[in-house]
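Visitor:
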Amino acid sequence: MTRTPCCERMGLKKGPWTAEEDQILVSHIQQYGHGNWRALPKQAGLLRCGKSCRLRWINYLRPDIKRGKFSKEEEHTILKLHGILGNRWSAIAASLPGRTDNEIKNFWHTHLKKRIQKSGVHNGNASSRILQEAQANTSLDASSAASSTVTANVMIANYGLPVRNINPPIAGFYGAVSSDTFGEIEDNHGSCQLSEEMEFWYNIFIKSGQTS
DNA sequence: AATTTAGGCAACCGCCTGATG
DNA sequence: GCATCAGGCGGTTGCCTAAAT
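Per our numbering, residue 58 is the first one in the first sequence, and the count goes up by one each step.
1. For Arg156, count neighbouring C-beta atoms within 10 Å of its own C-beta (all shown protein chains included) and say buried if the count is 16 or more, exposed if not.
2. Could you check the C-alpha separation between Arg105 and Ser128 for me, to the nearest Å?
3. Taking the Cβ atom as the reference point for each residue, do Arg111 and Trp74 lie within a distance shorter than 8 Å?
4. Please state if the CB of Ile122 and the CB of Trp165 are separated by a distance shorter than 8 Å.
5. Using alpha carbons as the reference points, say which of Lys162, Lys70, Gly107 and Arg119 lies closest to Ser147.
6. Is Glu78 closer than 8 Å to Leu97 when the C-beta atoms are compared?
7. From Ile141 to Ile149, what does the alpha carbon distance come to, in whole angstroms?
8. Using only alpha-carbon positions, find the residue among Gln80, Gly92 and Lys99 that is nearest to Gly68.
9. Output the distance between the C-alpha atoms of Gly72 and Lys126, rounded to the nearest integer angstrom.
10. Taking the alpha-carbon positions, what's the Pro154 to Lys70 distance?
11. If you measure from the CB of His139, is any heavy atom of the ligand COA nearer than 7 Å?
12. What is the C-beta distance between Asn159 and Asn93, in whole angstroms, given that I count them as a contact (C-beta under 8 Å)?
13. According to DSSP, is Cys106 part of a helix, a strand, or is it coil?
14. Does Gly107 pass the burial test, meaning 16 or more other C-beta atoms within 10 Å, or should it be called exposed?
15. Residues in the same chain with beta-carbon distance under 6 Å from Val220, minus the five sequence neighbours each way, listed in chain order, please.
16. What is the rounded straight-line gap between the Cα of His85 and the Cα of Arg124?
17. For His7, which of helix, strand or coil comes out of DSSP?
18. Out of Lys171, Leu169, Thr167 and Gln80, which one is the CA nearest neighbour of Pro120?
19. Using C-beta distances below 6 Å, list every residue in its chain close to Ser169, excluding the 5 sequence neighbours before and after it, in chain order.
20. With a threshold of 16 other CB atoms inside 10 Å of the CB of Gly143, please say whether the residue is buried or exposed.
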């Protein structure tokens, strides 16, 4: 038995939101909150699926959303965090108040990725110069990298982080990163606003990396 | 001025995970 | 333990606009 996606239900509208729909959604959430996204459209009188409402609210209508160009600091933070976490946009967004995962993802694909490619990096998941440098400078062999993977998995298991979020590049990064790179990240640690989870990764992969 | 191309971004899709019965 | 549901996430698509020809 397969689940029918809510958006496939007949009569539900798709595509760009109108100002009127935005208004309805905002006022409904302001009044009642969004306890149940699936039930919300019906309650609010919107011909949209719950997912669509949630996305619209989170990515566009939330009052605390910061719009406009990314600052240099934000750019820098994204590059750093992507180098550590890979495409975990929501985790990266957690460290950039007011920015959404979708916005960061779009920014990455349209600006940063291109810039990195221009500078000669073409490793699929290698986001930053840092990672590129780490890979170029590494003196660790494959077995070291593999043991780093094990270390990462053990840490994740012990600390209860979601397993699906383990990103192979993280272990690779940890295994391959040079001491210079550790230093560079540490130097910038203070200038980046890190979420709780990022602090966690920072402690595991950066601080512990220096002592191993 | 008209057409084509490229860039940017909003929105959708499908999968995964955790919660619940 | 299993099935189902709802929420969340990342990948991808497609539309709109600006720039180039």
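Every residue, glycine too, gets a C-beta built ideally from N, C-alpha and C. Everything numeric in this text was worked out from a predicted model, so none of it was measured.
Guide: Taking the structure as given:
1. For the purposes of this step, residue 156 is taken as residue 99 along the first sequence, with counting starting at 1. Per the 10 Å Cβ criterion, buried.
2. For the purposes of this step, residue 105 is taken as the residue at position 48 of the first sequence. For the purposes of this step, residue 128 is taken as the residue at position 71 of the first sequence. Roughly 34 Å separates the two Cα atoms.
3. Against the first sequence, residue 111 aligns to sequence position 54. Against the first sequence, residue 74 aligns to sequence position 17. Not in contact: Arg111 and Trp74 (Cβ atoms no closer than 8 Å).
4. What you label residue 165 is simply residue 108 of the first sequence in a count that begins at 1. What you label residue 122 is simply residue 65 of the first sequence in a count that begins at 1. It is not a contact, given that the beta carbons lie outside the stated cut-off.
5. Your numbering for residue 147 matches position 90 in the first sequence. Among Lys162, Lys70, Gly107 and Arg119, the Cα nearest to that of Ser147 is on Lys162.
6. The residue labelled residue 97 in the question sits at position 40 within the first sequence. The residue labelled residue 78 in the question sits at position 21 within the first sequence. Not a contact, by the Cβ cut-off of 8 Å.
7. Sequence index remark: in the first sequence, residue 141 carries index 84 (1-based). Sequence index remark: in the first sequence, residue 149 carries index 92 (1-based). Distance between the alpha carbons of Ile141 and Ile149: 10 Å.
8. On the first sequence, position 11 is the one that residue 68 refers to. Ranking Gln80, Gly92 and Lys99 by Cα distance to Gly68 puts Lys99 first.
9. Residue mapping note: residue 72 aligns to position 15 of the first sequence, counting from 1. Residue mapping note: residue 126 aligns to position 69 of the first sequence, counting from 1. So the alpha carbons of these two residues sit roughly 25 Å apart.
10. As a first step, residue 154 must be located in the first sequence, where it is residue number 97. As a first step, residue 70 must be located in the first sequence, where it is residue number 13. Answer to the nearest angstrom: the Cα atoms are 31 Å apart.
11. The ligand COA is absent from the structure shown, which contains no ligands of any kind.
12. The residue labelled residue 159 in the question sits at position 102 within the first sequence. The residue labelled residue 93 in the question sits at position 36 within the first sequence. With 8 Å as the limit, Asn159 and Asn93 do not qualify as a contact, their Cβ atoms being about 22 Å apart.
13. For the purposes of this step, residue 106 is taken as residue 49 along the first sequence, with counting starting at 1. Here Cys106 sits in coil by DSSP.
14. Taking the first residue of the first sequence as 1, we reach residue 107 at position 50. Classification of Gly107: buried, given that the 10 Å Cβ count is 16 or more.
15. Position 163 of the first sequence, counting from 1, holds the residue named residue 220. The predicted position of Val220 is uncertain, since its pLDDT is 38 and thus under 50; no value can be drawn from it.
16. Taking the first residue of the first sequence as 1, we reach residue 85 at position 28. Taking the first residue of the first sequence as 1, we reach residue 124 at position 67. Rounded to the nearest angstrom, the two C-alpha atoms are 23 Å apart.
17. Residue numbering for the chain in the displayed model covers 58 to 269; residue 7 lies beyond these limits and cannot be assessed.
18. The residue given as residue 120 occupies position 63 in the first sequence. The option with the nearest alpha carbon to Pro120 is Gln80.
19. Your numbering for residue 169 matches position 112 in the first sequence. One detail in the question is off: residue 169 reads as Leu in this sequence, not Ser. Counting only Cβ-Cβ distances below 6 Å, and skipping sequence neighbours, we find nothing.
20. What you label residue 143 is simply residue 86 of the first sequence in a count that begins at 1. Per the 10 Å Cβ criterion, buried.
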